[in-house]
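Undergrad: Just add 12 to wherever you are in the sequence shown, counting from 1, and you've got the working numbering.
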Amino acid sequence: MNIILLGYPGSGKGTQAKLLVSNLNYKHLSTGDMFRDEIAKKTQLGEKVKSYINNGKLVPDDVVLEVIESKLKDIGDNVLFDGFPRTIEQAEGLEILMDRLGRQIEKVFFFDVDENNVIKRIINRRSCPKCQRIYNLITDPPKNADLCDVCGVKVVERDDDKEEVVTKRMQVYKDLTAPLISYYKSQGIFVQIDASKSVEDVYNQVIKHIN
């Protein structure tokens, strides 16, 4: 089953994606991870992507779809899209791409959570620049001061997790991404998840619809 996870940045999509990959062998296709990989490698595309992200803007559709297509050709079904699509145009582009590859999206999960809670989650988020492990200074801090539990590297605040950028990202989400709710509801594949609950409870809500 190919699925999409939608929701505000910081709504818990990434955490649930990791659980689905670990427990149900989903192939995690995250534009955020792919973009950060390009940025870390300092590719031309990475520098372009970085300028958009650090200003709280969405990466243009043609760039995103090109990256997505190259990844889809290398993997089979049971794909989990995290952070994509973000606009109606991207959703339509993905639908065309999936049709061309003989595949389809079967469920779209929307992680519903209060906007203020999301902002608090994100501005307290820290990540390991080496292994990409994510921490939260309040709910899930590193065990040893500000060092990663996995590899001992100093954890950092990503540029796109700074409060002023987060506020911009939230507005961009509301303006462009929120209409996807109506788009997928009309297709009968939309599932709303109460993401304010515990990680375990949210996961159980999701797998109920997958199983």
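Virtual Cβ for every residue (Gly too), placed ideally from N, Cα, C.
What are the boundary residues of the beta strand (DSSP E) that includes Gln12?
TA: Only positions 13 to 223 of the chain appear in this structure, which leaves residue 12 out of reach.
Undergrad: State the Cα-Cα distance for the pair Ile134 and Tyr20, rounded to the nearest angstrom.
TA: Spanning the two alpha carbons is a distance of roughly 10 Å.
Undergrad: Tell me which residues share the same chain as Lys142 and place their Cβ nearer than 6 Å to its Cβ, disregarding the 5 neighbours each side in the sequence.
TA: Answer for Lys142: Cys163 and Val165, listed in chain order.
Undergrad: Among all the DSSP beta bridges, which residues are the ones paired with Val120?
TA: Val120 pairs with Ile16 and Phe202.
Undergrad: Using DSSP's beta-bridge definition, name the partner residues of Pro152.
TA: The question names Pro, but residue 152 in the sequence shown is Asp. Beta-bridge pairing links Asp152 to Asn148.
Undergrad: So, using beta-carbon positions, are Val218 and Leu32 closer together than 9 Å?
TA: Yes, the Cβ-Cβ distance between Val218 and Leu32 is below 9 Å.
Undergrad: What does the Cβ neighbour count give for Thr43, buried or exposed, with the cut at 16 atoms within 10 Å?
TA: Result: buried.
Undergrad: Look at the Cβ atom of Tyr147, then the Cβ atom of Leu92, and state whether they are nearer than 9 Å.
TA: For Tyr147 and Leu92, no; Cβs fall outside 9 Å.
Undergrad: Do the CB positions of Val167 and Ser139 come within less than 9 Å of each other?
TA: Yes; because the gap between Cβ atoms is below 9 Å, this pair is in contact.
Undergrad: Note down, in chain order, each residue of its chain lying with its Cβ closer than 8 Å to the Cβ of Leu109, except the 5 sequence neighbours on either side.
TA: Answer for Leu109: Leu77, Ile80, Glu81 and Leu84, listed in chain order.
Undergrad: Could you pull out every residue in the same chain whose Cβ sits closer than 6 Å to the Cβ of Asp49, ignoring the five residues on either side in sequence?
TA: Result list for Asp49: empty, nothing under 6 Å.
Undergrad: Along the chain, where does the alpha helix (DSSP H) that runs through Val168 open and close?
TA: Val168 -> no alpha helix (DSSP H), and no H or E assigned at all.
Undergrad: Is the separation between the beta-carbon of Ile150 and that of Ile16 shorter than 9 Å?
TA: No, these two residues do not count as a Cβ contact at 9 Å.
Undergrad: State the CB to CB distance for the pair Ile51 and Phe122, rounded to an integer number of angstroms; the pair is presumed to be in contact (CB under 8 Å).
TA: Incorrect: roughly 28 Å between the Cβ atoms, too far for contact.
Undergrad: Please classify Ser23: is it buried, with 16 or more other beta-carbons within 10 angstroms of its beta-carbon, or exposed?
TA: It counts as buried.
Undergrad: DSSP state of Asp86, grouped into three classes?
TA: Coil at Asp86, not helix or strand.
Undergrad: Does the distance from the C-beta atom of Val120 to that of Leu192 stay below 9 Å?
TA: Yes; because the gap between Cβ atoms is below 9 Å, this pair is in contact.
Undergrad: How is the alpha helix (DSSP H) around Phe47 delimited, first residue to last?
TA: Here the alpha helix (DSSP H) through Phe47 covers Thr43 to Ala52.
Undergrad: Under a three-way DSSP split, which group does Lys69 fall into?
TA: The answer is coil: DSSP assigns Lys69 none of H, G, I, E or B.
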